[in-house]
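A.B. asks:
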Amino acid sequence: MNLVIGSHVSFKKDTQMLGSIKEALSYGANTFMFYTGAPQNTKRYDIDNKLTKQALDLLIDNNIDINNVVVHAPYIVNLANDKNYDFNVSFLKQEIKRVELLGVSLLVLHPGSHVGLGEEKGIQNIIDSLNDVIYPDQKVFICLETMAGKGTELGRNFEQIKKIIDGIKHSEKIKVCLDTCHIHDAGYDLNNFDKVIEDFNKIIGLDKLAVIHINDSKNEKNSHKDRHENIGYGHIGFDNILTVIYHDKLKSIPKILETPYIMQYPPYKMEIEMIRNKKFNDSLINDVINYYK
Ligand code: FE
Ligand code: FE
Ligand code: ZN
Numbered sequence: 097m098n099l100v101i102g103s104h105v106s107f108k109k110d111t112q113m114l115g116s117i118k119e120a121l122s123y124g125a126n127t128f129m130f131y132t133g134a135p136q137n138t139k140r141y142d143i144d145n146k147l148t149k150q151a152l153d154l155l156i157d158n159n160i161d162i163n164n165v166v167v168h169a170p171y172i173v174n175l176a177n178d179k180n181y182d183f184n185v186s187f188l189k190q191e192i193k194r195v196e197l198l199g200v201s202l203l204v205l206h207p208g209s210h211v212g213l214g215e216e217k218g219i220q221n222i223i224d225s226l227n228d229v230i231y232p233d234q235k236v237f238i239c240l241e242t243m244a245g246k247g248t249e250l251g252r253n254f255e256q257i258k259k260i261i262d263g264i265k266h267s268e269k270i271k272v273c274l275d276t277c278h279i280h281d282a283g284y285d286l287n288n289f290d291k292v293i294e295d296f297n298k299i300i301g302l303d304k305l306a307v308i309h310i311n312d313s314k315n316e317k318n319s320h321k322d323r324h325e326n327i328g329y330g331h332i333g334f335d336n337i338l339t340v341i342y343h344d345k346l347k348s349i350p351k352i353l354e355t356p357y358i359m360q361y362p363p364y365k366m367e368i369e370m371i372r373n374k375k376f377n378d379s380l381i382n383d384v385i386n387y388y389k
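Per the numbering used here, residue 97 is the first one in the sequence shown, and the count goes up by one each step.
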């Protein structure tokens with residue numbers, strides 16, 4: 097089967113998506129995800145059309161489908177808090193333009209944290225902002241990410257995601273990103289993933305699922321911590337991760353690793369290898385260090 101797998105990669109001012117693709121190829125990936133600038137701030141550079149053209153050509157040369165490529169919106173944008181309403185809306189509108197210029201169609205967004213305003217008000221703020229952001233003929237899908245429920249995070253269960261989608265006028269522009277670490281930390285049982293998928297389908301609808309973040313978790317189920325762990329080294333475990341990746345109903349969905357670096361080195365090449373081989377690598381740490389040092 098054609099597994100669509102990649103990882104978070106960098107996006108630098110001078111190489112932009114061309115650099116991102118080269119990094120992804122060095123991991124043996126056939127998709128990837130990046131932030132169009134630093135994840136923790138909203139400083140963004142202009143998209144360089146020449147670099148984009150080169151990037152799109154390199155994708156074609158390597159049989160990578162641009163429709164599987166993902167951009168992640170900066171995580172400091174908090175739509176659930178109406179304090180920065182105007183900034184959030186204008187920033188996200190510009191981000192959609194940037195993503196369109198790159199030819200990418202999947203933009204992952206954290207729904208936001210209600211910061212004490214309460215669930216209902218927080219969700220309403222998210223809905224109002226997204227209704228201002230989305231324009232009917234945009235090519236970009238906004239993929240709401242399922243969250244661990246750390247602090248006052250919204251999107252901590254499928255019901256909250258569904259509530260948001262139901263409030264969006266152009267809900268056809270909204271999709272969902274399922275993060276394995278986040279749903280585990282939120283209390284979903286990945287030992288019984290068929291049940292998770294059944295719930296997702298009943299509440300949101302599987303047709304909405306567009307991206308899967310593949311991460312193990314440093315913490316126990318229902319911990320609401322959101323600390324990612326390398327594949328097979330956490331509380332989800334290698335077999336449960338493989339169940340998600342090779343699930344029959346999720347075959348064509350891009351799977352993106354966001355696991356932590358080992359020392360200062362990216363683990364993705366070796367993690368993708370063990371996923372493709374379906375065999376746990378118990379010397380991942382040494383292999384990564386020896387490869388890059
Ligand atoms: Fe995320
Ligand atoms: Fe994630
Ligand atoms: Zn996370």
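Even for Gly, the Cβ is constructed at its ideal location relative to N, Cα and C.
Report yes if the C-beta distance between I156 and N126 is below 9 Å; otherwise report no.
C.D. replies: Along the sequence shown, read from residue 1 onward, the residue named residue 156 stands at position 60. Along the sequence shown, read from residue 1 onward, the residue named residue 126 stands at position 30. No, the Cβ-Cβ distance between I156 and N126 is not below 9 Å.
A.B. asks: V165 by DSSP, collapsed to three states: which one?
C.D. replies: Indexing the sequence shown from 1 puts residue 165 at position 69. Secondary structure of V165 (DSSP, three-state): coil.
A.B. asks: At the level of alpha carbons, what is the spacing between S248 and D153?
C.D. replies: Start at 1 with the first residue of the sequence shown, and residue 248 comes out as number 152. Start at 1 with the first residue of the sequence shown, and residue 153 comes out as number 57. The displayed chain sequence assigns Thr, not Ser, to residue 248. Rounded to the nearest angstrom, the two C-alpha atoms are 43 Å apart.
A.B. asks: Can you tell which of H210, I308 and V384 has the C-alpha that lies nearest to the C-alpha of Y364?
C.D. replies: Start at 1 with the first residue of the sequence shown, and residue 364 comes out as number 268. Ranked by how close their Cα comes to the Cα of Y364, the residues H210, I308 and V384 have V384 in first place.
A.B. asks: How far does the alpha helix (DSSP H) with L305 in it reach, from first residue to last?
C.D. replies: Locating residue 305 in the sequence shown gives position 209, counting from the first residue. Not the alpha helix (DSSP H): L305 falls in the beta strand (DSSP E), residues L305 to I310.
A.B. asks: Among D295, E196 and V229, which residue has its Cα nearest to the Cα of I264?
C.D. replies: Looking up residue 264 in the sequence shown gives position 168. It is V229 whose Cα lies nearest to the Cα of I264.
A.B. asks: Return the residue from the list A176, A244, Q234 and Y388 that minimises the CA-CA distance to G214.
C.D. replies: Taking the sequence shown and counting its residues from 1, one reaches residue 214 at position 118. The shortest C-alpha separation from G214 is found at A176.
A.B. asks: Bridge partners of S209, per DSSP?
C.D. replies: Here the question's residue 209 lines up with position 113 in the sequence shown. Answer by DSSP bridge pairing, in chain order: E249.
A.B. asks: Can you check which of these residues, E354, P350 and N382, is closest to V165 by C-alpha distance?
C.D. replies: Against the sequence shown, residue 165 aligns to sequence position 69. Selected option, being the one with the closest Cα: P350.
A.B. asks: Near L302, which residues of its chain fall below 8 Å by C-beta distance, leaving aside the five closest residues on each side in sequence?
C.D. replies: Working through the sequence shown from its first residue, we reach residue 302 at position 206. Contacts found: I293, F296 and K345.
A.B. asks: Suppose only complete runs of 4+ residues qualify. What are the alpha helix (DSSP H) ranges in the segment 103-150, listed by chain order?
C.D. replies: 112-122
A.B. asks: Whose C-beta lies closer than 7 Å to the C-beta of M359 among residues of the same chain, with five residues either side of it excluded?
C.D. replies: Mapped onto the sequence shown, residue 359 falls at position 263. Counting only Cβ-Cβ distances below 7 Å, and skipping sequence neighbours, we find I385.
A.B. asks: With a threshold of 7 Å on Cβ separation, who are the neighbours of K108 within its own chain once the five nearest residues in sequence on each side are excluded?
C.D. replies: On the sequence shown, residue 108 is found 12 positions in, with the first residue counted as 1. So the list reads G115, once near-sequence residues are dropped.
A.B. asks: For the structure I just gave you, are there three or more beta carbon pairs, one from the segment 202-211 and one from the segment 137-145, closer than 8 Å?
C.D. replies: no
A.B. asks: Would you tell me roughly how many angstroms separate the C-alpha atoms of F89 and D178, rounded to the nearest one?
C.D. replies: One cannot answer for residue 89 here, as it falls past the ends of the chain, which runs 97 to 389.
A.B. asks: What is the DSSP secondary structure of F90, counted as helix, strand or coil?
C.D. replies: No answer is possible for residue 90: it lies beyond the span of the chain, which begins at 97 and ends at 389.
A.B. asks: With distances taken from CA atoms, which of G102, N221, D233 and A134 is nearest A120?
C.D. replies: Position 24 of the sequence shown, counting from 1, holds the residue named residue 120. When only C-alpha atoms are compared, the closest one is G102.
A.B. asks: Using the DSSP secondary-structure output, state which residues sit across from H324 in a beta bridge.
C.D. replies: Working through the sequence shown from its first residue, we reach residue 324 at position 228. In DSSP, H324 forms a bridge with S313.
A.B. asks: In angstroms with no decimal places, state the Cα-to-Cα distance between I222 and I332.
C.D. replies: Taking the first residue of the sequence shown as position 1, residue 222 is located at position 126. Taking the first residue of the sequence shown as position 1, residue 332 is located at position 236. Roughly 30 Å between the two C-alpha positions.
A.B. asks: Let's see if you can read the secondary structure: which residues bound the beta strand (DSSP E) around K351?
C.D. replies: As a first step, residue 351 must be located in the sequence shown, where it is residue number 255. Run containing K351: K351 to L353, per the beta strand (DSSP E) assignment.
A.B. asks: Check for me: the beta strand (DSSP E) holding L274 runs from which residue to which?
C.D. replies: Sequence index remark: in the sequence shown, residue 274 carries index 178 (1-based). Taken as a continuous stretch (DSSP letters only), the beta strand (DSSP E) holding L274 covers I270 to D275.
A.B. asks: For C277, verify whether its CB is less than 8 Å away from any heavy atom of ligand 2.
C.D. replies: In the sequence shown, residue 277 corresponds to position 181, counting from 1. Yes; taking the cut-off as 8 Å, the Cβ of C277 has a heavy atom of ligand 2 nearer than that.
A.B. asks: DSSP beta-bridge partners for L202?
C.D. replies: Here residue 202 corresponds to residue number 106 of the sequence shown, with the count starting at 1. Beta-bridge pairing links L202 to V166 and F237.
A.B. asks: Nearest to Q220 by alpha carbon, out of K259, L205 and T242?
C.D. replies: Walking along the sequence shown from the start, residue 220 turns up at place 124. Checking every option, the nearest Cα to that of Q220 belongs to K259.
A.B. asks: Report the option in A282, P362 and K118 whose CA atom is closest to the CA atom of E255.
C.D. replies: What you label residue 255 is simply residue 159 of the sequence shown in a count that begins at 1. Nearest option by C-alpha distance: A282.
A.B. asks: In the DSSP assignment, find the unbroken alpha helix (DSSP H) run with L197 in it and report its ends.
C.D. replies: Here the question's residue 197 lines up with position 101 in the sequence shown. Y181 to L197 is the extent of the alpha helix (DSSP H) around L197.
A.B. asks: What did DSSP end up calling I261 once you bin it into helix, strand or coil?
C.D. replies: Here residue 261 is taken as the residue at index 165 of the sequence shown, counted from 1. I261: helix per DSSP, three-state reduction.
A.B. asks: Should E216 go down as buried or exposed, given a rule of 16 or more other Cβ atoms within 10 Å for buried?
C.D. replies: Numbered from its first residue, the sequence shown carries residue 216 at position 120. E216 is exposed by the Cβ-count criterion.
A.B. asks: C239 to S313, Cα distance in whole Å?
C.D. replies: Start at 1 with the first residue of the sequence shown, and residue 239 comes out as number 143. Start at 1 with the first residue of the sequence shown, and residue 313 comes out as number 217. Each residue's Cα considered, the two are about 22 Å apart.
A.B. asks: Tell me the residue span of the alpha helix (DSSP H) that contains Q220.
C.D. replies: Residue 220 sits at position 124 when you count from the first residue of the sequence shown. Element bounds for Q220: E215 to V229.
A.B. asks: For I101, which of helix, strand or coil comes out of DSSP?
C.D. replies: In the sequence shown, counting from the first residue as 1, residue 101 sits at position 5. Strand, per DSSP.
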